[in-house]
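First comes the structure, then the notes that go with it.
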Amino acid sequence: MEQLWITLPAIAPDYSGVCSAMFDLGGMSIIHDASGCTGNYTGYDEPRWYGTKSMVYCSGLREIDAVLGRDDKLIKNVLKTSEYKNPTCYSIIGSPVPMVIGSDLKGIAHEIEELTGLPAFGFSTNGLGLYNKGVSEAMLAVVKRFIKPSEEKFDKGINVLGTTPLDFSANSNADDLYDKLGSLGYRVVGKMMMGACISQIENLTMAQVNLVVTESGLNTAKYLYEKYGIPFVAGMFTGTDDEELIDMLEMTRKDKVNRVLGKDESGKVNGFGDKKSILIVGEQILGNSIRRNINKRTKDINVVVGTMTGLRKELALDGDMDIKSEEMLLDLIDSGKYEKLVGDPLLGDLLDNNSMKIVEIPHVAISSKLYWNKSVHFIGKEMDDILGQILS
Amino acid sequence: MSCSLIDNVFETSLHYSSPAHGSWGVLKAAQLIPESYFLFVSPAACGRHGALGARMDGRKERVSYLFLTEQSIVSGDYEQMLKDALEELLSFLKKRNRVPRVMGIFVSCIDDLLGTDHEALMAELCDMYPGIKFIDCHMNPTSTDTGVPPVVNVQNKLYSVLERNDDRDKGINIIGNLQEISKNSELFEVLLSMGADEIRHISDYKSFDNYQDMAKSALNVVIAPSGEYAARNMQKKLQIPYEKVLIAFRPENIRAGYEKIAEKLGCECPELESYESRARKELELTRNYLENMPIIVDQEAITRPFEFARCLLEAGLNVRRIYSQLLIPSDKENYEWVMENYPEMEIRQPLNPKVTEEEHVSEDYLAVGYSAGYISGAKHVVDIGGQNGLFGYNGLIELLKKMRETKDEITDLKKILDDAIIIV
């Protein structure tokens, strides 16, 4: 039964994705909930929470307010808090109860904007969707709102789209990436969203190319391509082998043709046959990038990328898996087709007595604080070692 | 910036959720029922923190999740989906020889708005699966300001699975606390000397059948306010009377509590002087040891922070600040005493965003509780959560000992919180 998850925890929800994306913008984010949804985000989906000054709050929604539709209480409390806080903008973020009572989150945001004169966003998240949708929606919303189109371009200007601690963790992965691009001569214009600020967003069109590092950056990449002609590459550096992605970025910067790392090589996952097969379960672009790295090292391994957060066809090879449930993942594990599972350590709980081995790459959106202090550094030798484990 | 009480009224505000905010959560509490299993029927998001906490704590094998779809929420009809899920789940558990005696069906906030008839549904499920007792449980913090908030409701559920037993003994149940009381507490000695033959707490039981022994007891002693609703219902259903003796730290309050129990049992209260004398000596020792170190008390660690603060202040210790989101009725008298005698006392609401504006304390403060430690920036934080097993004279003595030990170390609060299973 697709909706029954016996063993695994739920994946980080949409409202956590929105909060995570807005985290660095200096805005005030309010989850319209009683307490638990905010606790989900602050306690389990935000590894940057300890010691932060980021303004993420809970509306403290109560049953009687829900029944009576007392949105005015929320607005009043936002205004009261604004008397001593100075946010750059506001985000009113939905949860299950507002969905059931039909709260107009965008309407509430509009009213707050009217009253404060500051930009305000309403997000109709509901705890049914997943984090990547929340990150994507928030990113696109702030880009549309704050971008200031310019004819001027920075030479080798680049935007990074899709850095979120829910995929990248809060170790140095995002900064490692920005530093690497800097060392390659690129000028990082927009760090979307880890390290973002509104002035960066204003300048996004000054980039010549976008690097989409997780699926949650894809919709913004498409928007920037369609509206402003900025082409994108979807891929991420993994390990120490970086030549191919560097070449793709340069080609795309010059010919303005969008590219997906590993997509144009074979177009489909090879047949299983006698080949050793590996199932990567995780974020789709990171999975693609790991697969490409493996495929460059050997042609003798068949690698399938599966994602539990909604497969994007435009990023996938034929044969990649849209793993919609724990049950489906269990079926893949039990199919006997795969020797190894690459993914979050908690996926190992499904292996039971199965002989399949797991190569662990902690994923905050799944295992949260259980493993976020053991997150892998995507760039550098640590990932090379992981690749070695996969190939061994 | 001050965020003290304004006109002696606690403010309503947006809620700030510090990394230290939270406690056991209702799932961990419910899982105290021996041989129980829980199925959450809710939007996927609602169960995430509980599941992760359970996984950290080795309890994940006793909870699963049925994620509601938008369609099932809109229609308000998830009963068939639940029945299908239960069939599959129980088949899974049967294969692993883990069929529970109690199956709790947890619903979340939205269910209160859907109007599900839980009583009828649980009765139907009990008929479908003889041998398994089905109970509805609620993780609905939207009800926090009602008469039966989640922490109260879940305690009621714990004892709702007990069946009336007229074969009474002289056992005494301790109700309200989720963490067992430290076995070092004089409580056991005192109650046994009052004629009790066994002191029972839910955490003592590994089997559901043995757990039924609690239905034989002669008295429920309610030591936390959240247990009173359960005790009232046990009085009705199981005919077990109760006495409310809330956790207290002032020696005279502890004595009064024991005297109330003795009166209820119709016996003489045993001699308490030796316990009380030791407690007072420990207070004096601590006062001298802390050398006027400023102290911060936290309601998330101590349910009645004003009572504890009063205890320390009366003994000459230097309490400067109290983090308390609400004033609970049973602490009102102590609050008034503190404010009258120490009008300079700093009262802070830990969920009020104003606390994030306040500068960290600069002196060498000692905080009793995680939230107080995190929010204030105190260097010394007593490692104590909301469920701590402290009761009576010995509870006071143990807490004072922890305070003295904490004085001599700089606390790595981040490490404590990284490892802590804290559910909001």
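As given, the protein sequences belong to chains E and B, one line each in that order. Quick note: the first sequence uses the working numbering, first residue 295, plus one each step. Quick note: the second sequence uses the working numbering, first residue 12, plus one each step. Quick reminder that beta carbons are idealized off the backbone N, C-alpha and C, glycines included.
At least one CB of chain E lies nearer than 8 Å to the CB of residue 154 of chain B.
For residue 634 of chain E, the uninterrupted beta strand (DSSP E) segment begins and ends at 634-637.
In the same chain as residue 339 of chain B, and ignoring 5 residues on each side of it, the C-beta atoms closer than 8 Å to its own belong to 236, 314 and 315, in chain order. Using a Cβ distance threshold of 8 Å, residue 115 of chain B and residue 148 of chain B count as a contacting pair.
Using a CB distance below 8 Å, the part of the segment 133-162 of chain B facing chain E consists of 150, 151, 152, 153, 154, 155, 156 and 157, ordered along the chain. DSSP, reduced to helix, strand and coil, places residue 430 of chain B within a helical segment of the structure shown.
Contact of residue 102 of chain B with chain E is not assigned, every C-beta pair being separated by 8 Å or more.
Neighbourhood of residue 394 of chain E in chain B, by CB distance below 7 Å: 84, 121 and 124, in chain order. At the C-beta level, residue 74 of chain B and residue 55 of chain B stay beyond 8 Å of one another.
Following the DSSP letters along the chain, one finds residue 163 of chain B inside the alpha helix (DSSP H) bounded by residues 161-171. Using a 10 angstroms sphere on the CB of residue 322 of chain E, the tally of other CB atoms reaches 16 or more, which defines it as buried. Closest in C-alpha terms to residue 35 of chain B, from the list B:421, B:150 and B:100, comes B:150. In this structure, the alpha-carbon of residue 194 of chain B lies about 12 Å from that of residue 211 of chain B. When only Cα atoms are considered, residue 381 of chain B and residue 364 of chain E end up about 33 Å apart. Approximately 13 Å separates the beta-carbon atoms of residue 372 of chain B and residue 309 of chain B; this is outside 8 Å, ruling out the contact. Under the Cβ criterion of 8 Å, residue 67 of chain B is counted among the residues facing chain E.
Look at the segment 227-263 of chain B and you find these whole runs of alpha helix (DSSP H), each 4 residues long or longer: 239-249. In summary, no residue of the segment 283-300 of chain B has a CB separated from any CB of chain E by less than 9 Å.
Using a Cβ-Cβ cut-off of 8 Å, residue 384 of chain B does not count as an interface residue toward chain E, since no Cβ of chain E sits closer than that to its own.
Taking C-beta atoms under 8 Å as the contact rule, residue 307 of chain B and residue 242 of chain B fail to qualify, at a distance of about 32 Å. Here residue 357 of chain E is buried, its C-beta having at least 16 other C-beta atoms within 10 Å. Only buried fits residue 240 of chain B, as 16 or more other CB atoms lie within 10 angstroms of its CB. In the DSSP assignment, residue 448 of chain E forms no beta bridge with any residue.
In the three-state reduction of the DSSP assignment, residue 70 of chain B falls in the coil class, being assigned neither a helical nor a strand state. Of E:454, E:416, E:361 and E:449, the smallest CA-CA separation from residue 489 of chain E is found for E:454.
Membership of residue 425 of chain E in the alpha helix (DSSP H) is indicated by the continuous run 425-440. Under the Cβ distance rule, residue 114 of chain B does not count among the residues neighbouring chain E, no pair being separated by less than 8 Å. Residue 390 of chain E belongs to the set of residues whose beta carbon lies under 8 Å from a beta carbon in chain B. Remark: C-beta atoms of residue 184 of chain B and residue 232 of chain B approach each other more closely than 8 Å. Looking at the backbone, the Cα of residue 664 of chain E and that of residue 671 of chain E are separated by about 17 Å. Residues of the same chain with a CB within less than 6 Å of the CB of residue 320 of chain E, apart from the 5 flanking positions on each side, are 382 in chain order. Among the CB atoms of chain B, one or more fall inside 8 Å of the CB of residue 352 of chain E.
Proximity of residue 211 of chain B to chain E, defined by a Cβ-Cβ separation below 8 Å, is not satisfied.
Annotation for residue 659 of chain E: 305, 306, 425 and 460 place their beta carbon closer than 6 Å to its own, counting only its chain and skipping 5 residues before and after. Against chain E, the CB of residue 270 of chain B has no partner CB under 8 Å away; the residue lies outside that interface. Proximity to residue 436 of chain E across E:412, E:421 and E:446 peaks at E:412, based on C-alpha coordinates.
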